[in-house]
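Novice:
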Amino acid sequence: MTQPTTAHGGNIIAIARELGCPVHDLVDMSSNLMPLAMDQGLRAALIAHLDEIAYLPETASDSLRALFAARHGRAAAEVQVGNGTTDFIFAIPAAAGRRQALIVNPTYNDYRLACSWAGVAVRDCQLTAADHFRLDTERLAAALTGDELVFICNPNNPSGGCTPSPTLHALAKAYPTTLFVVDESYLPFTREVSLLDLPPLDNLLILTSFSKIYGIPGLRLGFLTGAPELLARITAHNKPWAVNRLAQVAGEYLVRHGDAHVEKVLCFIEAHRPDFVARLAALPGVEVIDGVCNFILCRLTGAMRADRLRAAMLGGHRIIIRDCANFTGLDHRYFRLSLKEPACNQRCLEALAEFLTVSG
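So the sequence shown is numbered by my numbering: it starts at 727 and just counts up by one.
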């Protein structure tokens, strides 16, 4: 079994320090963030409230919690606000009272790490490369024993495949003794309906991130939605003031005004992703995994390894790509790219072509 790891993409500040270069010299295509500039209204709101860092934030982010809940037709008791979704990913296995977890792989490694830290045994449901790592809900259902915790990332990171939310809702409804955790961090990059907007289920927890779609990972802001009794158990040991004041300000602004930005990002992806993917697929020795998100998983079919390609791209062109060998179920052939503005995409494609052509 692959050992749990804390490795992530997007470590741009540390990489710049190691290389002795300014951060703006690097093109970070390893981090799954939206490709546009920060929403200007959000920037203005943060500046306008900057002096509020002199005060303690709301202890439990009650104003933001109420806004988010009302937006999705939920009671405030069905929502908790956290210092990023990571807060909840690590709290759930420790508090859910399940002795085993089922993780659908390849996927985000912190689910496994959180279970490991909580002493929860992990079973794997491995998706197949032949099917582009699409979720097979029938095979997943056949693996359920009825008392486990199930993590599903939808759309999935790193593969980018998306399962319709009504399908996941029906799965959770059919297995009421299994606790399903669905991470919708990348759902805003699609036009798929959210589980938040479907009827609540007592055995369904939904993770929502504002980091990716709004490009604010440094603020750390996430939400957990589910049955009040279950949330109370999971968040019983929450620290006061876990969410900083500027993150609260950002969240309140984005719940009220963020839709226009999301639509702008969606239109950008729809306009630029198809050409970028087609040009990636035309490179020698590259197979593109079908997906729908702002990021693209690729498999090397020639002599080049992903770690060598990452080092070459970074050393030769200051471009950071994600070596995906540490994802359970993937190996040294897989790497991931995130869509950026056209000039950066072009720069990346040219650099990839250079290294892949030489490697044969």
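Ideal placement from N, C-alpha and C gives every residue a C-beta, glycine not left out.
I'd like the list of long-range same chain contacts for C1019, defined as Cβ closer than 6 Å, with 5 residues on each side in sequence excluded.
Specialist: Taking the first residue of the sequence shown as position 1, residue 1019 is located at position 293. Within the same chain, C1019 has close Cβ partners P881, G886, Y912, F915.
Novice: Which complete beta strand (DSSP E) runs does the stretch 989-1055 hold, if anything under 3 residues is left out?
Specialist: Listed in chain order, the complete beta strand (DSSP E) runs (minimum 3 residues) inside the stretch 989-1055 are 1012-1014, 1021-1026.
Novice: Can you tell me whether DSSP reads G808 as helix, strand or coil?
Specialist: Against the sequence shown, residue 808 aligns to sequence position 82. In this structure, G808 counts as strand in the three-state DSSP scheme.
Novice: Should G1055 be labelled buried (16 or more other beta-carbon atoms within 10 Å of its own) or exposed?
Specialist: Looking up residue 1055 in the sequence shown gives position 329. Classification of G1055: buried, given that the 10 Å Cβ count is 16 or more.
Novice: Answer yes or no: do A821 and R959 have a C-beta to C-beta separation smaller than 8 Å?
Specialist: Residue numbering aside, residue 821 sits at position 95 when the sequence shown is read from its first letter. Residue numbering aside, residue 959 sits at position 233 when the sequence shown is read from its first letter. A contact, by the Cβ cut-off of 8 Å.
Novice: Going by alpha carbons, who is nearest to N1052 out of N831, D873, V846?
Specialist: Counted from its first residue, the sequence shown places residue 1052 at position 326. Of the listed residues, the one whose Cα sits closest to N1052 is N831.
Novice: Near R860, which residues of its chain fall below 6 Å by C-beta distance, leaving aside the five closest residues on each side in sequence?
Specialist: Along the sequence shown, one-based indexing puts residue 860 at 134. G887.
Novice: Would you kindly report the start and end of the unbroken beta strand (DSSP E) that includes S1091?
Specialist: Any question about residue 1091 goes unanswered here, given that the chain covers just 727 to 1086.
Novice: In its own chain, which residues sit with a C-beta less than 6 Å from the C-beta of H1043, not counting the 5 before and 5 after it?
Specialist: Counting from one through the sequence shown, the residue named residue 1043 turns up at place 317. If we look at H1043 and ignore the five residues flanking it on each side, its Cβ neighbours are A1077.
Novice: Measure the beta-carbon distance from V749 to I818 and round it to whole angstroms, keeping in mind my assumption that it falls under 8 Å.
Specialist: Counting from one through the sequence shown, the residue named residue 749 turns up at place 23. Counting from one through the sequence shown, the residue named residue 818 turns up at place 92. About 33 Å separates the two Cβ atoms, so there is no contact after all.
Novice: So, at 6 Å on beta carbons, what are the nonlocal neighbours of L875 in its own chain, with the 5 sequence-adjacent residues on each side left out?
Specialist: Taking the first residue of the sequence shown as position 1, residue 875 is located at position 149. Closer than 6 Å at Cβ, skipping near neighbours: A822, R824, A827, L905.
Novice: Just verifying my parser: in three-state terms, what is the DSSP assignment at L947?
Specialist: In the sequence shown, the residue the question calls residue 947 occupies position 221. Looking at L947 - three-state DSSP - the assignment turns out to be coil, as it is neither helix nor strand.
Novice: Between the C-alpha atoms of D862 and C851, what's the straight-line distance to the nearest angstrom?
Specialist: Residue numbering aside, residue 862 sits at position 136 when the sequence shown is read from its first letter. Residue numbering aside, residue 851 sits at position 125 when the sequence shown is read from its first letter. Rounded to the nearest angstrom, the two C-alpha atoms are 10 Å apart.
Novice: Are the CB atoms of L933 and G948 within a distance shorter than 8 Å?
Specialist: Counting from one through the sequence shown, the residue named residue 948 turns up at place 222. Counting from one through the sequence shown, the residue named residue 933 turns up at place 207. A contact, by the Cβ cut-off of 8 Å.
Novice: Quick one: Cα of A962 to Cα of Q806, how far?
Specialist: Locating residue 962 in the sequence shown gives position 236, where the first residue counts as 1. Locating residue 806 in the sequence shown gives position 80, where the first residue counts as 1. For A962 and Q806, the distance between alpha carbons rounds to 11 Å.
Novice: With distances taken from CA atoms, which of D754, A774, I995, L927 is nearest P892?
Specialist: Within the sequence shown, residue 892 is the residue found at index 166, counting from 1. Here the closest residue by C-alpha is L927.
Novice: Please classify G726 as buried or exposed, where buried requires at least 16 other C-beta atoms within 10 Å of its C-beta.
Specialist: Lying before the first or after the last residue shown, residue 726 is absent from the chain, which here runs from 727 to 1086.
Novice: By Cβ distance below 8 Å, which residues in the same chain neighbour G1011 in space, the five residues on each side in sequence not counted?
Specialist: As a working note, residue 1011 is residue 285 in the sequence shown. Answer for G1011: L1026, T1027, G1028, A1029, M1030, L1082, S1085, G1086, listed in chain order.
Novice: With a threshold of 16 other CB atoms inside 10 Å of the CB of G836, please say whether the residue is buried or exposed.
Specialist: What you label residue 836 is simply residue 110 of the sequence shown in a count that begins at 1. Checking the sequence, you will find Asp at residue 836 rather than Gly. The residue in question, D836, is buried, as its Cβ has 16 or more Cβ neighbours within 10 Å.
Novice: Run through the DSSP bridge pairs and tell me what T934 is partnered with.
Specialist: Mapped onto the sequence shown, residue 934 falls at position 208. Answer is F949, bridged to T934.
Novice: Compute every distance between the C-beta of E804 and the non-hydrogen atoms of the ligand NAP, then say whether any falls below 7 Å.
Specialist: Within the structure as shown, the ligand NAP is missing, as the structure has no ligands at all.
Novice: Relative to the C-alpha of F1002, which residue among R1073, Q766, E804 is closest?
Specialist: For the purposes of this step, residue 1002 is identified with residue 276 of the sequence shown, where counting begins at 1. When only C-alpha atoms are compared, the closest one is R1073.
Novice: Have a look at D1057, L1063, A896, I1046 and flag the residue whose alpha-carbon is nearest the alpha-carbon of A740.
Specialist: For this step, residue 740 is matched to residue 14 along the sequence shown. The option with the nearest alpha carbon to A740 is I1046.
Novice: Which same chain residues end up closer than 7 Å to K938 when comparing Cβ atoms and leaving out the 5 residues on each side of it in sequence?
Specialist: Counting from one through the sequence shown, the residue named residue 938 turns up at place 212. Cβ within range, chain order: N758, L759, M760, S911, Y912.
Novice: Is Y940 helix, strand or coil when you go by DSSP?
Specialist: Looking up residue 940 in the sequence shown gives position 214. Three-state result, Y940: helix.
Novice: Taking only the alpha-carbon atoms, compute the straight-line gap between T728 and G1017 and give it to the nearest angstrom.
Specialist: On the sequence shown, residue 728 is found 2 positions in, with the first residue counted as 1. On the sequence shown, residue 1017 is found 291 positions in, with the first residue counted as 1. Only weak support exists for where T728 lies, its pLDDT of 42 falling under 50; the value from the coordinates is given anyway. C-alpha separation (whole angstroms): 24 Å.
Novice: How close, in whole Å, do the beta carbons of G672 and L931 come, if the pair is a contact with beta carbons under 8 Å?
Specialist: Absent from the model: residue 672. The displayed extent of the chain is 727 to 1086, so no value can be given.
Novice: Specify, as a first and last residue, the run of the alpha helix (DSSP H) that I773 falls within.
Specialist: Counted from its first residue, the sequence shown places residue 773 at position 47. Segment 766-774, the alpha helix (DSSP H) holding I773.
Novice: Short of 7 Å in beta carbon distance, which residues of its chain neighbour P890, apart from the five on each side in sequence? Order them along the chain.
Specialist: Taking the sequence shown and counting its residues from 1, one reaches residue 890 at position 164. Cβ neighbours of P890 beyond the five flanking positions: E918.
Novice: List the endpoints of the continuous alpha helix (DSSP H) containing D836.
Specialist: Here residue 836 corresponds to residue number 110 of the sequence shown, with the count starting at 1. Taken as a continuous stretch (DSSP letters only), the alpha helix (DSSP H) holding D836 covers 836-844.
Novice: If distances are taken between C-alpha atoms only, which option among L950, G941, E978 comes closest to E784?
Specialist: The sequence position of residue 784 within the sequence shown is 58, counting from 1. Per the Cα distances, E978.
Novice: Going by DSSP in three states, N882 sits in which element: helix, strand or coil?
Specialist: If you number the sequence shown from 1, residue 882 lands on position 156. Looking at N882 - three-state DSSP - the assignment turns out to be coil, as it is neither helix nor strand.
Novice: Strictly by DSSP, which residues pair up with A827?
Specialist: Your numbering for residue 827 matches position 101 in the sequence shown. According to DSSP, which records beta bridges pairwise, A827 is partnered with V848, L875.
Novice: Nearest to C879 by alpha carbon, out of M1039, R1048, Y834?
Specialist: Mapped onto the sequence shown, residue 879 falls at position 153. Minimum Cα distance to C879 is reached at Y834.
Novice: Contact criterion: CB-CB distance below 8 Å. Does E918 meet it with respect to chain B?
Specialist: Absence of chain B from the displayed structure is noted, only one protein chain being present.
Novice: Please look up how many angstroms separate the CB atoms of K990 and L762, rounded, as I've assumed it's under 8 Å.
Specialist: Locating residue 990 in the sequence shown gives position 264, counting from the first residue. Locating residue 762 in the sequence shown gives position 36, counting from the first residue. K990 to L762, Cβ: 7 Å. Contact.
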